[in-house]
Amino acid sequence: MGFSFVRLACAASLLPAALAQIIARSEPEPVASAVAVDTLDFSDAAEVQTTTLKGINFGCKCYPGKRCWPSTNKWKTLNATVDGRLLVDIPPGAPCHNTFTGPLGTVNTYDAAKCAEATQNWESETWIVSQPAAELWTYFTNDTCRPTQNPTGSCTLGYYGVYVIMATKAQHVKAGIDFARRNNLRLIVRNTGHDFIGRSTGYGALIINTHSFQQIDWINSYRGPGSYRGGAVTLGAGVQGETILAQGHARNPPLVVVTGECPTLGIAGGFIQGGGHGPWTTLKGFSADNVLAFEAITASGLYVTANEWQNPDVATNNDGIIEAFKTVLSPRPDVFAFMIGHLFNPGYGAPKSNSATHPAWRNATNFVIAAMLVPVGSSLAQKADLQNLLTNTVDEALRDASTSGCTYVNEADPYQPNWQSHFWGSEYPKLRALRWKWDPLGVFYAISTPGTEGWEVIDDGTRLCRKL
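Residues -20 to -1, 1 to 448 (mature numbering (1 follows the signal peptide of the UniProt record, and there is no 0)) are what the sequence shown spells out, left to right.
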């Protein structure tokens, strides 16, 4: 038996497409008094920091060292608001170094036991997930503080955030969102750090860690909005695939939920918002197809319940794909690349659903992830060269061979041209309009998501800014 999702505690996420019913509350509990939302109040938002780079005017987020950066007292107040759960973000490899030098200063960090733990578990998904702000794909942290046998080596922040809120209740999440908006800070929502394109980290950011939200409530017969009346399950934002599948299997009769392929992958965040495919996709559709409702917190700090979201379907090709694969495997004499492939038809046997995923996904038969190895210690220039090769040679070959023009936002190159149509298809104009309505200030910015065309990370991957 398959179950659908209801009331996913996706705190601080981008709201899904066409929200037919929006209920705004001042308190997180669904039973709290609610009012209809017509306009959103951003009057308390701080001003952007203006700068000019190469003749282009930008409005940027605030970063350490700038006059706009919140005072020590403001951070102390935030810490009190979140019940003492605000941490200074120190990279997980720091215990192998004598010192860590970050935007707030230099601290002694060497700890032989913790260094051994980090070294042993550096490639353990479970260990990385358990860290406050670690990223599974460390490439996106700029790898400036890895475990080492040389404790005198440099350990700096790289592209990690500065502070982390280890949220344990919805009020903590709201406090972080409000603080980021009122102080013009870059905000990152991080559950497991299981992200192929680096959306779980960002230089100088305030990070909200939602991994503690582990509630799972099984519902025998759903009675919410819409016509669905089968079984359902409520998931907290931190629940991972391995947990929900184990619980479902233990029930009588056993139940399944559409999760991702990796057991440590979180279900209720970016996975679903990008569509979410996994082993059950061919029979049960995408995870996004199975969502009944969301509970979320908006960029303006409102608690909302969202029901009934939207999306349709399209097709593919095979001639020319072999040549594209050859290009992927050998894009340049000095570079080796590889592919990870999937064969499926996400629409087979699944009811048509209204979700924000690309319509062409419905009839996709082949999905390929192309990847290249980046040597440890590569300079920014070397990384830029390899990124250019990946985007404009390797991925270009695959784009040319495809007739659908579709790819999966959670496992694709976010720097490719026309990402709007490749990731979202005909859904994009609607999604962009929703983004501008609910988050006009970019509080929940994430690369290559609807409505972020004007945003750019400048100064060697550090400052997040919007073109003015």
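The C-beta atom is built at its ideal place from N, Cα and C for all residues, glycine as well.
When you compare the CB positions of residue i and residue j, do they come within less than 8 Å of one another, or not?
| i | j | result |
| --- | --- | --- |
| Ala217 | Val423 | no |
| Glu115 | Gly173 | yes |
| Tyr90 | Pro131 | yes |
| Gly434 | Trp416 | no |
| Asp24 | Arg170 | no |
| Val142 | Pro83 | yes |
| Val236 | Gly228 | yes |
| Pro72 | Gly184 | no |
| Ala26 | Asn164 | yes |
| Ile252 | Ala150 | no |
| Leu366 | Asp440 | no |
| Cys135 | His191 | no |
Rounded to whole angstroms, what's the CA-CA distance from residue i to residue j? Just pull it up for me.
| i | j | result |
| --- | --- | --- |
| Leu378 | Ser201 | 44 Å |
| Leu20 | Val28 | 19 Å |
| Gln290 | Ser267 | With a pLDDT of 23 at Gln290, under the threshold of 50, the predicted position of this residue should be treated as unreliable, and no value is reported. |
| Gly405 | Gly258 | 21 Å |
| Glu7 | Thr61 | 15 Å |
| Gly204 | Val68 | 41 Å |
| Pro339 | Tyr388 | 11 Å |
| Gln396 | Asp375 | 8 Å |
| Gly182 | Pro233 | 43 Å |
| Pro292 | Arg342 | Confidence is the limiting factor: at Pro292 the pLDDT is only 22, short of 50, which leaves the residue's position unreliable, though a coordinate-based value still follows. Approximately 8 Å, taken between the alpha carbons. |
| Cys40 | Val437 | 9 Å |
| Asp123 | Cys95 | 16 Å |
| Gly250 | Ser358 | 29 Å |
| Ala4 | Asn53 | 31 Å |
| Glu407 | Glu103 | 37 Å |
| Arg65 | Ala392 | 34 Å |
| Thr337 | Phe159 | 31 Å |
| Thr86 | Lys410 | 47 Å |
| Thr31 | Ala413 | 27 Å |
| Ile157 | Asp419 | 12 Å |
| Pro355 | Phe403 | 29 Å |
| Glu241 | Ala226 | 14 Å |
| Pro127 | Arg209 | 51 Å |
| Thr429 | Glu9 | 29 Å |
| residue 452 | Ala426 | Residue 452 falls outside the range modelled here, since the chain spans only -20 to 448, and no answer is possible. |
| Lys56 | Asn88 | 22 Å |
| residue 509 | Gly133 | Residue 509 falls outside the range modelled here, since the chain spans only -20 to 448, and no answer is possible. |
| Ala147 | Asn59 | 11 Å |
| Arg231 | Pro313 | 54 Å |
For the beta strand (DSSP E) holding residue i, just list the boundary residues, first then last.
| i | result |
| --- | --- |
| Thr57 | Run containing Thr57: none in the beta strand (DSSP E); it sits in the alpha helix (DSSP H), Thr52 to Thr61. |
| Cys445 | Arg443 to Lys447 |
| Phe22 | Per DSSP, Phe22 belongs to no beta strand (DSSP E) and is neither H nor E. |
| Thr89 | From DSSP, Thr89 is part of no beta strand (DSSP E); its letter is neither H nor E. |
| Thr223 | Premise fails: Thr223 lies in the alpha helix (DSSP H), Gly221 to Ala230, not in any beta strand (DSSP E). |
| Ala273 | Ala273 to Ile277 |
Tell me the residue span of the alpha helix (DSSP H) that contains residue i.
| i | result |
| --- | --- |
| Cys242 | Unbroken run through Cys242: none, as it is neither H nor E. |
| residue 460 | Residue coverage of the chain in this structure runs from -20 to 448, which leaves residue 460 outside it and unanswerable. |
| Val153 | Ala150 to Asn163 |
| Thr262 | Thr261 to Lys264 |
| Gly250 | Gly250 to Gln253 |
| Tyr408 | Tyr408 to Trp418 |
| Thr106 | Glu105 to Ser110 |
| Phe193 | Note, Phe193: premise wrong, no alpha helix (DSSP H); not H, not E. |
| Ala185 | No alpha helix (DSSP H) contains Ala185, which DSSP labels as neither H nor E. |
| residue 450 | Any property of residue 450 remains undetermined from this structure, which presents the chain solely from -20 to 448. |
| Arg379 | Asp375 to Ala381 |
With a CB to CB cut of under 6 Å and the five nearest residues on each side skipped, what residues in its chain are close to residue i?
| i | result |
| --- | --- |
| Pro243 | Gly221 and Glu222 |
| Ile301 | Here the model assigns Ile301 a pLDDT of 49, short of 50, so the residue's position is not dependable, and the following value carries that caveat. Excluding residues within five positions, the ones whose Cβ falls inside 6 Å are Ala381. |
| Thr121 | Glu115, Gly138, Tyr139, Tyr140 and Thr181 |
| Pro155 | For the sequence presented, residue 155 should be read as Ala rather than Pro. Hits under 6 Å: Thr61 and Val62. |
| Leu282 | Ala4 |
| Ala(-12) | With a pLDDT of 34 at Ala(-12), under the threshold of 50, the predicted position of this residue should be treated as unreliable, though the coordinate-derived value follows. These residues qualify, in order along the chain: Phe193, Gly216, Ala217 and Glu275. |
| Thr371 | Asp393, Tyr395 and Gln396 |
| Gly256 | Phe266, Ser267 and Ala268 |
| Leu33 | Ile438 |
For my contact list, residue i and residue j are in at a C-beta cut-off of 8 Å; report their separation, rounded to the angstrom.
| i | j | result |
| --- | --- | --- |
| Asn368 | Gly254 | Actually they are not in contact, since the Cβ atoms of Asn368 and Gly254 sit about 24 Å apart, beyond 8 Å. |
| Trp117 | Gly178 | 7 Å |
| Phe38 | Arg446 | 7 Å |
| Phe80 | Cys125 | 7 Å |
| Leu444 | Arg166 | 5 Å |
| Gly261 | Val238 | Residue 261 is actually Thr in this sequence, not Gly. Indeed they touch by this definition, with Cβ atoms about 7 Å apart. |
CB-CB under 7 Å to residue i, same chain, minus the five flanking residues each way: which ones, in chain order?
| i | result |
| --- | --- |
| Val144 | Leu67, Asp69, Pro112, Ala113, Ile187 and Asn189 |
| Tyr119 | Val354 |
| Ile36 | Lys447 |
| Phe176 | Trp117, Asn390 and Glu391 |
Could you pull out every residue in the same chain whose Cβ sits closer than 8 Å to the Cβ of residue i, ignoring the five residues on either side in sequence?
| i | result |
| --- | --- |
| Ile199 | Val(-15), Gly211, Ala212, Val213 and Thr214 |
| Gly385 | Ala340, Arg379, Ser401, His402 and Gly405 |
| residue 506 | Since the first and last residues shown for the chain are -20 and 448, residue 506 lies out of range. |
| Thr442 | Tyr43, Tyr139, Tyr183 and Gly184 |
| Thr99 | Cys76 and Pro127 |
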